[in-house]
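Presented below is the structure to which this report refers.
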Amino acid sequence: MKGMVFTSFLEMVENKFSLHIVDQIIENSDLPSGGSYTSVGTYGHHEMIQLVVQLSQRTNIPVADLVRTFGEYLFTQLIELHPQFIQENSSVFSFLQKVDSYIHVEVRKLYPGAELPAFEYETPVPGTLIMSYRSSRPFADLAEGLINGCIQYYGENINMVRENLDEGTAARFILTEAEVK
């Protein structure tokens, strides 16, 4: 995983909890990196899992909830770093359908060799987008959080249903525009 993900996670933990909690989760994890991350470095995803598990133990918040919250936070970080992604898309559906074909291409330019999840898209009826997520890492919760962050950013009234296809490495997200009454 790219170091930017780790540095953003630790920043979120500091902002939402405390620097003391950041120190505790790093000290109590067995991290090959020693918990020293740079935004351009690459680190094993198991380090992220350890950090989240440690945070869960200290906060009594389930791991999945923490990872989804981090996904929402990470979305705000991504649009601060890459505002062009948002400027070129006027809606949730427009933005999300370009994640794999456009945004991941740009990420690979910045981080050659980045191992990114893959998405497939279906639009079976107007007002519905189905995103199928696949990854070699168990971060479907992170993908869900990123999608939630996108929905919050655009402020659209969209319902999301998640169907797990595998142990966190594959999921289907069914997004439906809610009827305004």
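The sequence shown begins at 1 in full-length UniProt numbering and counts up one residue at a time.
Every residue, glycine too, gets a C-beta built ideally from N, C-alpha and C.
This structure is a prediction, so every number in the text was calculated from the model and none was measured.
{"Asked": "Stretch-stretch touch, CB-based, cutoff 8 angstroms, three pairs: the region 154-164 with the region 71-85", "Found": "no"}
{"Asked": "Delimiting residues of the alpha helix (DSSP H) encompassing R68", "Found": "V63 to L81"}
{"Asked": "Span separating the alpha-carbon of L10 from that of N89", "Found": "29 angstroms"}
{"Asked": "Limits of the unbroken alpha helix (DSSP H) element including I49", "Found": "H45 to T59"}
{"Asked": "Presumed contact (8 angstroms Cβ cut-off) between V107 and A114, rounded CB distance", "Found": "6 angstroms"}
{"Asked": "F173 in three-state terms, based on DSSP", "Found": "strand"}
{"Asked": "Sheet register partners of M160 (DSSP bridge)", "Found": "L175"}
{"Asked": "Contacting residues, own chain, Cβ-Cβ under 8 angstroms from Y133 (five flanking each side not counted)", "Found": "P117, A118, F119, A140, A143, A170, A171, R172 and F173"}
{"Asked": "Through-space distance from K16 to L96, alpha-carbon basis", "Found": "27 angstroms"}
{"Asked": "Local Cβ density within 10 Å of L78, reported as buried at 16 or more and exposed below that", "Found": "buried"}
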